[in-house]
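*Asks:*
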Amino acid sequence: MLVNIERHVSAAPRASDGPLPNLLIDGLGRVINSLRISVTDRCNFRCTYCMPEEVDFMQRDLLLSFEEITRFVRIVAPLGINKLRLTGGEPLVRKNLPELIRQLNTIDGINDIGMTTNGFFLKEHAQSLKEAGLHRINVSLDTLVTEKFVEITRRDALQNVLDGIRAADEAGFTPIKINAVAIRGFTEDEIPGFAELARNHGHQIRFIEFMPLDADNLWENQKVLPGREIIERINAIYPIEPVHNSQKEPATLYRFKDRKGGDIGIIPSVTEPFCDHCNRIRITSDGKLRTCLFSNSETDLRSMLRSDAGDDAIAHQVVEAVRNKEPGHKINQPDFIKPQRAMFSIGG
Ligand code: SAM
Ligand code: SF4
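When we follow this note's numbering, the leftmost residue of the sequence shown carries the number -15, and every step to the right adds one.
1. Check whether the region 33 to 50 touches the region 320 to 332, counting contact only when three or more Cβ pairs, one atom from each stretch, lie closer than 8 Å.
2. Among A152, F56, F104, I267, which one has its Cα closest to the Cα of V23?
3. Could you tell me the boundaries of the alpha helix (DSSP H) in which F56 lies?
4. Considering only residues of the same chain and omitting the five flanking positions on each side of L47, which have a CB-CB separation below 7 Å?
5. Confirm, please, whether the CB-CB distance from I149 to V165 is below 7 Å.
6. Look at P223 and Q188 and say whether their C-beta atoms are less than 7 Å apart.
7. Could you give the first and the last residue of the continuous alpha helix (DSSP H) run that contains L84?
8. Quick check on S329: does DSSP put it in helix, strand or coil?
9. Relative to the ligand SF4, is the shortest distance from any of its heavy atoms to the C-beta of N102 smaller than 6 Å?
10. Skipping 5 residues on each side, what residues in its chain have a beta carbon closer than 6 Å to that of K322?
11. What is the rounded straight-line gap between the Cα of Q206 and the Cα of R168?
12. Under three-state DSSP, which class holds Q188?
13. Which term fits F333, buried or exposed, when burial requires 16 or more other beta carbons within 10 angstroms of its beta carbon?
14. Run the CB neighbour count on R58, radius 10 Å, all protein chains shown included, and call it buried at 16 or more, exposed below.
15. Just to confirm, are V145 and G103 a CB contact at a threshold of 7 Å?
16. Assign L70 to one of two classes, buried (16 or more other C-beta atoms within 10 Å of its C-beta) or exposed (fewer than that).
17. So which of V227, K241, N201, V208 has the shortest CA-CA distance to A220?
18. In the region 228 to 272, which residue ranges form an unbroken beta strand (DSSP E) of at least 3 residues, counting only runs that do not cross its ends?
19. Going residue by residue through the region 97 to 143, where are the continuous alpha helix (DSSP H) segments of at least 4 residues, counting only ones entirely within it?
20. Considering only C-alpha positions, which residue in the set F194, E135, E213, A152 is nearest to G186?
21. Between N80 and the ligand SAM, is the CB less than 6 Å from at least one heavy atom?
22. Hey, out of R290, T54, E282, L209, whose CA is closest to T255's CA?
23. Taking the beta carbon of R340 as the centre, do at least 16 other beta carbons fall within 10 Å, making it buried, or is it exposed?
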């Protein structure tokens, strides 16, 4: 195994040489090709399911620089990573993000760069993100009602987000995916409005079940609005049918039977976990590798990136961590341990 890694890393093969065997295979045979990169833990919102009202953010010198992030991606691309997603915190509070995207786009083997954002800064940045080579944007939006938006984000910014979605659309990021966290007692009334948003604007609306990753420990099982209930509620208003999706994606997709507008996606992380098909790893903004959203241990890559460790040594560390990837999360099981970091600090 070690010999193989050295061959791939040291010989620095290029994508143009043909597809490489993926070296990121975990103990259960899952092939890892997707990396989520958190570029900051900072955010201009304070969503109650994610962040506390008051936060001590990381010192800036602990964050990986663009050069460190780019070097890391150059190391893992030959191992089999071909898909990246930038996240945070709010990725667009990090200055000059298009510059990072430009750097990542030069890396052989990377063929898909996406970003998950709260949408607030998109009006200003959508065009430059497109020009830098960002392929896809997901915007998080949990409600279409101003008062409920203020309640959930602790900020009065619904119109900024809607303007941001329009700007992303105009810049050519189609279809835009809109992510709504599905919370019992909050989301039910939003379902008809979101279904109409999908039908009238062609956006893909994805409902993500509320997970126990909030900073304020508000999560309880009864607060999860199950994906299957959302589907039943939409189907009762606008008939929908499943879409066969050959892509390995956590979202189960449905389309309107009259074929109007965009799809509806359900991400049932709690009630129907998709851990068996997980193809992801994450790097936090402070350079810790996490092999599961719910990991209780991390691999410190920042220390390696800032030492005289060579690329091979870092590659070995990643391969080793992936080999020990957790089989799955244990939400609702007696031995579930909530991760010490909340979602904004992990990078959702
Ligand atoms: N700030 C950006 C945003 O909100 O899109 C990116 C980071 S945010 C942590 C990434 C995604 O995680 C968002 O779609 C957010 O709704 C989701 N999220 C945060 N906390 C969550 C939780 N406890 N359960 C489910 N999804 C959550
Ligand atoms: Fe910020 Fe995104 Fe967390 Fe909301 S979900 S507080 S926008 S990081």
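Glycine is no exception: its CB is placed at the ideal position from the N, C-alpha and C atoms.
*Replies:* Taking the structure as given:
1. yes
2. I267
3. 50 to 60
4. T24, S269, D270
5. no
6. no
7. 81 to 89
8. helix
9. yes
10. P196
11. 7 Å
12. strand
13. Since the first residue shown for the chain is -15 and the last is 332, residue 333 is missing from the structure and cannot be characterised.
14. buried
15. yes
16. buried
17. K241
18. 236 to 240, 248 to 251, 264 to 267
19. 106 to 116, 130 to 137
20. A152
21. no
22. L209
23. Since the first residue shown for the chain is -15 and the last is 332, residue 340 is missing from the structure and cannot be characterised.
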